[in-house]
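Chemist: Take the sequence shown: its letters are residues 10 to 298, numbered as in our numbering. Cβ atoms here follow ideal geometry from the backbone N, Cα and C, with glycine treated the same way. Computed from a predicted model, the values in this text were never measured in an experiment. Please see the structure below; I have some questions.
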Amino acid sequence: MPSIRLTDEQLAFFRARGYLVVPGFLTAHELALYRAESETLANHCYEQGDLVADWGCVVEPLGCGYFADPEITAAVRTDRTRYAELRARLSPRTLVRCTLDGFGHCAQQLLRHRPQRPAPPLPCTASPLAAADTVYLLNEQYIVKPPRTPTEFAWHQDVVYLGAEERSRAVVSVWTPLDDVAVGNGTVWVDPFPDPDRPGCYAQDVAADTLPHGRSAGGGNAFAVELAAGSALFMDGRLRHCSTGNASGRFRSVYMPQFSLGRVERPRPAGAKDAESACTAFAIPITNE
Numbered sequence: 010m011p012s013i014r015l016t017d018e019q020l021a022f023f024r025a026r027g028y029l030v031v032p033g034f035l036t037a038h039e040l041a042l043y044r045a046e047s048e049t050l051a052n053h054c055y056e057q058g059d060l061v062a063d064w065g066c067v068v069e070p071l072g073c074g075y076f077a078d079p080e081i082t083a084a085v086r087t088d089r090t091r092y093a094e095l096r097a098r099l100s101p102r103t104l105v106r107c108t109l110d111g112f113g114h115c116a117q118q119l120l121r122h123r124p125q126r127p128a129p130p131l132p133c134t135a136s137p138l139a140a141a142d143t144v145y146l147l148n149e150q151y152i153v154k155p156p157r158t159p160t161e162f163a164w165h166q167d168v169v170y171l172g173a174e175e176r177s178r179a180v181v182s183v184w185t186p187l188d189d190v191a192v193g194n195g196t197v198w199v200d201p202f203p204d205p206d207r208p209g210c211y212a213q214d215v216a217a218d219t220l221p222h223g224r225s226a227g228g229g230n231a232f233a234v235e236l237a238a239g240s241a242l243f244m245d246g247r248l249r250h251c252s253t254g255n256a257s258g259r260f261r262s263v264y265m266p267q268f269s270l271g272r273v274e275r276p277r278p279a280g281a282k283d284a285e286s287a288c289t290a291f292a293i294p295i296t297n298e
């Protein structure tokens with residue numbers, strides 16, 4: 010994948026609204042690779058149990074049991090070469106390069122473009138610009154909704170799933186449909202930042218079990234994102250979003266890598282020496298510009 014240079018207008022749009030759509034982000038070959046990997050992992054889950062009941066439709070390449078736990082070492086979680094070697098046993102290295110150098114390069118531009126400002130108190134969940142400028146792969150997952158599956162993800166902000174100290178790192182998620190998505194097959198709904206000067210601060214709270222059945226269910230500007238397969242939706246970790254069930258007769262798959270500015274680490278007990286084990290998920294450095 011050739012590196013994509015985002016424009017000043019795209020960077021400003023993301024900063025003000027908390028999301029950015031890049032149509033046709035993946036090439037046809039790259040899209041086919043992610044689809045093949047998604048199918049391989051989904052089939053593995055079905056061999057071990059039920060994709061919906063046991064995995065909640067969320068399948069992590071290094072967390073679904075495809076690889077044995079002893080193979081997923083601290084080095085695999087933090088070293089680019091070791092990570093790529095293990096992932097190459099599942100898919101061609103082209104896919105790993107696309108994740109780290111394609112998605113990662115754009116995420117790097119968005120993360121480094123964020124202005125530094127004090128973080129407001131919760132529930133705004135806004136994160137200041139981290140002191141470090143290295144961008145890392147934080148996590149990756151496939152979200153696979155089988156046909157006629159009611160599985161829904163209520164309104165949420167990704168950073169809420171991180172601990173208070175972990176939120177000091179800015180995060181970008183890249184929601185990438187591998188199939189055309191619309192309201193009927195469980196696309197994502199986004200609620201743009203109401204105030205660019207207070208990103209992630211929403212005037213009204215939404216009940217955890219509330220899903221959109223109209224524009225007013227989220228914020229007044231919430232809308233369903235309809236995208237062609239291979240497009241990419243970049244989301245600030247503080248953006249409020251959700252998704253509905255897949256009412257169609259076909260599988261709906263999405264690949265979503267997440268990136269952080271600086272390592273996202275759990276608080277360690279006093280005297281702990283193993284820095285690698287402190288990573289919340291991964292801390293794979295992407296290629297620098």
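With a Cβ-Cβ cutoff of 9 angstroms, do N255 and P155 count as a contact?
Modeler: In contact: N255 and P155 (Cβ atoms closer than 9 angstroms).
Chemist: Any idea which residues DSSP pairs V180 with across the strands?
Modeler: DSSP lists S269 as partners of V180.
Chemist: When the cut-off is 9 angstroms and only beta carbons count, does E56 lie next to chain B?
Modeler: Although the question refers to chain B, the structure presented lacks it and comprises just one protein chain.
Chemist: If you compare alpha carbons, which of P201, S177, D206, M244 is closest to T185?
Modeler: Answer by Cα proximity: M244.
Chemist: Alpha helix (DSSP H) containing R249: first to last residue?
Modeler: Not the alpha helix (DSSP H): R249 falls in the beta strand (DSSP E), residues 249–252.
Chemist: Pick from L104, G258, Y145, A77: whose alpha carbon is nearest that of L119?
Modeler: Measuring from the Cα of L119, the nearest candidate turns out to be Y145.
Chemist: Can you tell me the Cα-Cα spacing of S240 and L35, whole angstroms?
Modeler: Each residue's alpha carbon lies about 7 angstroms from the other.
Chemist: Taking 9 angstroms as the cut-off, decide whether the C-beta atoms of A238 and V190 are in contact.
Modeler: Result yes, Cβ atoms of A238 and V190 sit closer than 9 angstroms.
Chemist: Kindly indicate the opening and closing residues of the alpha helix (DSSP H) around Y92.
Modeler: Residues 89–96.
Chemist: Flag V190 as yes when its Cβ comes closer than 8 angstroms to any non-hydrogen atom of the ligand FAD, and as no otherwise.
Modeler: Among the components modelled here there is no ligand, and therefore nothing to report on the ligand FAD.
Chemist: Report back the beta-carbon spacing between Y151 and V68 to the nearest angstrom; my notes put them in contact at under 8 angstroms.
Modeler: Yes, they are in contact, since the Cβ atoms of Y151 and V68 sit about 5 angstroms apart, within 8 angstroms.
Chemist: On a Cα-Cα basis, can you pick out the residue from R247, T103, P159, V192 that is closest to E39?
Modeler: The residue with the shortest Cα to Cα distance from E39 is T103.
Chemist: Enumerate in chain order the residues of its own chain whose CB-to-CB distance from T108 is below 8 angstroms, with the five nearest sequence positions on each side excluded.
Modeler: L146, E149, P266.
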